[in-house]
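Protein chains: 2
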Amino acid sequence: QTMARPKEFDRDEVLDRAVDLFWRNGYEATSMADMVEALGIGRQSLYDTFGDKHALYLAALDRYLGGPGALGALPVDVPVRKQLRAIFQTMVDRAVAHPERGLCMLGAAAVERCAEDDEVSKRFCRRTHELEDAFTRRLEQAKADGEIGAHHDPRGLARYLVNALYGLQLSARAHPRHAFLDPILDVTLSVLG
Amino acid sequence: QTMARPKEFDRDEVLDRAVDLFWRNGYEATSMADMVEALGIGRQSLYDTFGDKHALYLAALDRYLGGPGALGALPVDVPVRKQLRAIFQTMVDRAVAHPERGLCMLGAAAVERCAEDDEVSKRFCRRTHELEDAFTRRLEQAKADGEIGAHHDPRGLARYLVNALYGLQLSARAHPRHAFLDPILDVTLSVLG
DNA sequence: GTTATTTTGGATCGAATGGTCCAGAATGGA
DNA sequence: TCCATTCTGGACCATTCGATCCAAAATAAC
Chain A
1 QTMARPKEFD RDEVLDRAVD LFWRNGYEAT SMADMVEALG IGRQSLYDTF GDKHALYLAA
61 LDRYLGGPGA LGALPVDVPV RKQLRAIFQT MVDRAVAHPE RGLCMLGAAA VERCAEDDEV
121 SKRFCRRTHE LEDAFTRRLE QAKADGEIGA HHDPRGLARY LVNALYGLQL SARAHPRHAF
181 LDPILDVTLS VLG
Chain B
1001 QTMARPKEFD RDEVLDRAVD LFWRNGYEAT SMADMVEALG IGRQSLYDTF GDKHALYLAA
1061 LDRYLGGPGA LGALPVDVPV RKQLRAIFQT MVDRAVAHPE RGLCMLGAAA VERCAEDDEV
1121 SKRFCRRTHE LEDAFTRRLE QAKADGEIGA HHDPRGLARY LVNALYGLQL SARAHPRHAF
1181 LDPILDVTLS VLG
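Sequence order for the protein chains is A and B. Once you know that position 111 of the first sequence is 111 in the numbering used here, the rest is easy, because the numbers rise by one and skip nothing. Each position in the second sequence, counted from 1, maps to that position plus 1000 in the numbering used here.
Laid out in structure tokens, this is it:
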């Protein structure tokens, strides 16, 4: 077989720009014309590479989930309070640094499209679960190590933390400033005692 | 002047249906054709009464804010813990009862349109402030009454509560079930001591 | 060099969009 | 009764949407 003409663009590079655009403007508000312009590739190349708009959106969402939205590891050799504080602080820092895009592309996707898009819904539920499980495991370890009191319920605590993290998504949109968001973290993490 | 032919529909009734549609599908995903069909009035009547789509959206949003999304009073003669628990529980109950529409129309509006719509942004910031102030005032009173410990910071606590409330918006979308959401409330409210 | 295959981007498609026009129906005042 | 005014709903408009077509350019295998 012949290899013919090679692509003139890098797929992942283009996808990153698509992530940025969808992240900032959402699905419906982003037209394929906007995409062609922002991606800097031809219309036909775009359709050939990614399929239709919906497929491009899912590809961008998955790229986000494996990149900026990736689930960091939770090593057990770090004090749990410091660790959780760092995770939350990172989220706040990102929200303050990029107020124009929401805190989390997946969260925005869930709000906009969960009702009409099972693929988005599936990813959102899956990621919510992963997040909850990661927190739960870490908190169980912390409980076993005596880092947190024995009266704590790791699973409930984990859900609580995920909920707080989700709350930051909206709080950050109202006030993307450290002076507003940091005190929320203090109270949120104070339940660990 | 003559009065001519009276309208055949009730403005608020129609607006309620518009709220329901925008609430469920968002702004971009709702077409004016959908609106005409769902509202049961003629296209021209719709435009004559509310102006264009954007104006209709803002009218619906304001109707929501004065109706289902209205800020309840926070009387000081009710135990503050029971009061807050009731507020949060009401939100959860509503989310469980209507999983197809998000927890709060304003929250969805903020996520979808804040970046490109100053009017929406303004309403979201204003309401966030109102909510925070209402909680703050109630918590200050509770502190003065000795209902909560003297070490608490009412303002920080209020922001924390608003953040938790916002978090429910997303948590409820992932799992609109009491078994999942109720434990979150327990932990959230446990910071009051 | 020739050829087969692929990329590329402009042209273009039908459908859907938000919005307007207009003729006719319905009403209250004279 | 007649008229002025308003409401109503179908027809209609220009634009934009997502998506496709097609001819020209570019490349690897032969």
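Idealized CB from N, CA, C, for every residue including glycine. From a predicted model like this one, the values you see are computed outputs, not experimental measurements.
A/PHE9: first and last residue of the uninterrupted alpha helix (DSSP H) it sits in: Unbroken run through A/PHE9: none, as it is neither H nor E.
Can you tell me the Cα-Cα spacing of B/MET1105 and B/TYR1064, whole angstroms? One alpha carbon belongs to B/MET1105, the other to B/TYR1064, and they sit about 7 Å apart.
Taking all protein chains shown into account, do 16 or more other C-beta atoms lie within 10 angstroms of the C-beta of B/LEU1103, making it buried, or fewer, making it exposed? Label assigned to B/LEU1103: buried.
Which whole runs of the beta strand (DSSP E) in the region 153-177 of chain A are 3 residues long or more, in chain order? Secondary structure remark: continuous beta strand (DSSP E) runs of at least 3 residues inside the region 153-177 of chain A: none found.
6 Å Cβ shell around B/LEU1161 - same chain, five flanking residues per side excluded: The residues are PHE1135.
Give the residues from the region 1147-1159 of chain B that approach chain A closer than 7 Å (Cβ to any Cβ), ordered along the chain. Listed by position along the chain: GLY1156, LEU1157, ARG1159.
Start-to-end residues for the alpha helix (DSSP H) that takes in B/VAL1120: Boundaries of the alpha helix (DSSP H) harbouring B/VAL1120: 1118-1144, taken from the DSSP string.
Just mark A/SER171 as buried or exposed, buried being the case when its beta carbon has 16 or more other beta carbons within 10 Å. Buried is the call here.
Quick one: any contact between the region 1182-1192 of chain B and the region 116-132 of chain A, if contact means 3 or more CB pairs under 8 Å? The region 1182-1192 of chain B vs the region 116-132 of chain A: no contact.
Does B/GLY1193 get closer than 8 Å to chain A when you measure Cβ to Cβ? For B/GLY1193, no Cβ of chain A is located within less than 8 Å of the residue's own Cβ.
Does any residue of chain B have a CB that is nearer than 8 Å to the CB of A/ARG138? No, A/ARG138 does not count as interfacial toward chain B.
Extent of the continuous alpha helix (DSSP H) to which A/ASP62 belongs: Residues 53-66.
If contact means a Cβ-Cβ distance below 8 Å, which residues of the region 1009-1020 of chain B contact chain A? For the region 1009-1020 of chain B, the set of residues with a beta-carbon nearer than 8 Å to any beta-carbon of chain A is empty.
Between B/LEU1168 and A/ASN163, which are expected to be in contact by the criterion C-beta below 8 Å, what is the C-beta distance as a whole number of angstroms? That pair is a contact at about 7 Å.
Quick one: is B/GLY1102 near chain A, going by C-beta distance under 8 Å? It does: the Cβ of B/GLY1102 has a partner Cβ on chain A nearer than 8 Å.
Does the beta-carbon distance from A/ALA109 to B/PHE1124 come in below 8 Å? Taking 8 Å as the Cβ cut-off, A/ALA109 and B/PHE1124 do not qualify as a contacting pair.
Which residues in the same chain as B/PRO1079 place their Cβ atom closer than 8 Å to its Cβ, once the five residues preceding and following it in sequence are excluded? Contacts found: GLU1147.
Could you give the residue range of the alpha helix (DSSP H) that holds B/ILE1087? Start and end: 1080-1097.
Spatial neighbours of B/LEU1058 within its chain, please: CB distance less than 6 Å, with the 5 preceding and 5 following residues excluded, ordered by chain position. These residues qualify, in order along the chain: GLU1119.
Could one say the Cβ of B/ASP1133 lies closer than 8 Å to chain A's Cβ atoms, at least one of them? Among the residues facing chain A, B/ASP1133 is not included, as its CB has no counterpart in that chain under 8 Å away.
Test: A/LEU170 CB closer than 8 Å to a CB of chain B: Yes, A/LEU170 lies at the interface with chain B (some Cβ there is under 8 Å from its Cβ).
For chain B, is any of its Cβ atoms less than 8 Å away from the one on A/ASP194? Lying outside 1 to 193, the shown extent of chain A, residue 194 of chain A is not represented and no answer is given.
Run the CB neighbour count on B/GLY1107, radius 10 Å, all protein chains shown included, and call it buried at 16 or more, exposed below. Result: buried.
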